[in-house]
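In our numbering, the protein residues as written are 1 to 241.
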């Protein structure tokens with residue numbers, strides 16, 4: 001019994017040694033088959049990302065018409081749901097046009113007949129021609145400053161005046177994106193107005209034709225005076241007087 005137990009332990013010891021040798025060989029083979037480790041990239045100052053981000057072009061979203069407009073000013077005047085707003089003022093002596101931003105109370109751009117460069121080219125500083133000149137100069141300045149989207153709100157009867165219309169027209173004629181959109185809206189409104197005018201004219205024509213037909217129908221009884229009420233007319237008309 002003692003010999004059997006001894007032989008069994010010897011066999012187990014031999015198996016353990018063989019297993020350890022095989023494991024060592026596998027580890028050696030795996031170590032040889034692994035790819036060489038890549039060196040870590042060296043940190044370059046030009047390629048390092050700064051932890052603080054500075055937006056060098058804050059009006060980029062505005063230029064692409066993606067910036068969110070300030071909302072929640074329905075009960076105040078003026079509303080702040082715009083990028084830039086045009087303010088036109090005309091006094092007895094001068095004409096002034098200013099452009100305001102939604103986040104500032106100070107005008108971003110302005111043009112007035114008080115400027116000598118504009119005043120010397122005009123015969124009058126408060127005429128309709130002066131309003132048109134101020135609008136053209138301010139439109140050129142807005143294009144140079146990169147302001148392509150603007151709103152103008154005014155009372156309807158004030159907006160219909162020739163002075164205001166000629167002052168705002170240069171912005172529609174501008175080739176900027178916002179001006180084109182405004183011009184398209186204006187054209188749509190013009191088409192609507194023309195359609196309303198045509199419809200009203202057709203109604204007037206219908207009323208006129210109806211009035212003419214009624215006049216022709218009653219002209220027989222109007223051409224004479226008949227006293228025979230309820231009897232055939234002695235003048236020979238087909239109507240009963």
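Each residue gets a CB set at the ideal place from its N, CA and C atoms; glycine is no exception.
Output the boundary residues of the alpha helix (DSSP H) element that contains residue i.
{"i": "residue 118", "result": "116 to 119"}
{"i": "residue 66", "result": "Taken as a continuous stretch (DSSP letters only), residue 66 belongs to no alpha helix (DSSP H), as it is neither H nor E."}
Under a three-way DSSP split, which group does residue i fall into?
{"i": "residue 85", "result": "strand"}
{"i": "residue 109", "result": "strand"}
{"i": "residue 128", "result": "helix"}
{"i": "residue 151", "result": "strand"}
{"i": "residue 90", "result": "strand"}
{"i": "residue 75", "result": "coil"}
{"i": "residue 58", "result": "coil"}
{"i": "residue 122", "result": "coil"}
Spatial neighbours of residue i within its chain, please: CB distance less than 7 Å, with the 5 preceding and 5 following residues excluded, ordered by chain position.
{"i": "residue 167", "result": "88, 97, 131, 132, 134, 135"}
At which residues does the beta strand (DSSP E) containing residue i begin and terminate?
{"i": "residue 98", "result": "95 to 101"}
I believe residue i touches residue j by the beta-carbon criterion, under 8 Å. Please report the beta-carbon distance rounded to the nearest angstrom.
{"i": "residue 84", "j": "residue 100", "result": "7 Å"}
{"i": "residue 125", "j": "residue 94", "result": "5 Å"}
{"i": "residue 82", "j": "residue 102", "result": "6 Å"}
{"i": "residue 113", "j": "residue 119", "result": "5 Å"}
{"i": "residue 86", "j": "residue 150", "result": "5 Å"}
{"i": "residue 90", "j": "residue 163", "result": "6 Å"}
{"i": "residue 123", "j": "residue 170", "result": "Between residue 170 and residue 123 the Cβ distance is about 20 Å, and since that is not below 8 Å, they are no contact."}
Excluding sequence positions up to five away, which residues of its chain have a Cβ less than 8 Å from the Cβ of residue i?
{"i": "residue 11", "result": "none"}
Quick check: is the beta carbon of residue i nearer than 8 Å to any beta carbon in chain B?
{"i": "residue 93", "result": "Checking the listed chains, one finds no chain B in this structure; it contains a single protein chain."}
query = Quick one: any contact between the stretch 46 to 64 and the stretch 138 to 145, if contact means 3 or more CB pairs under 8 Å?
reply = The stretch 46 to 64 vs the stretch 138 to 145: no contact.
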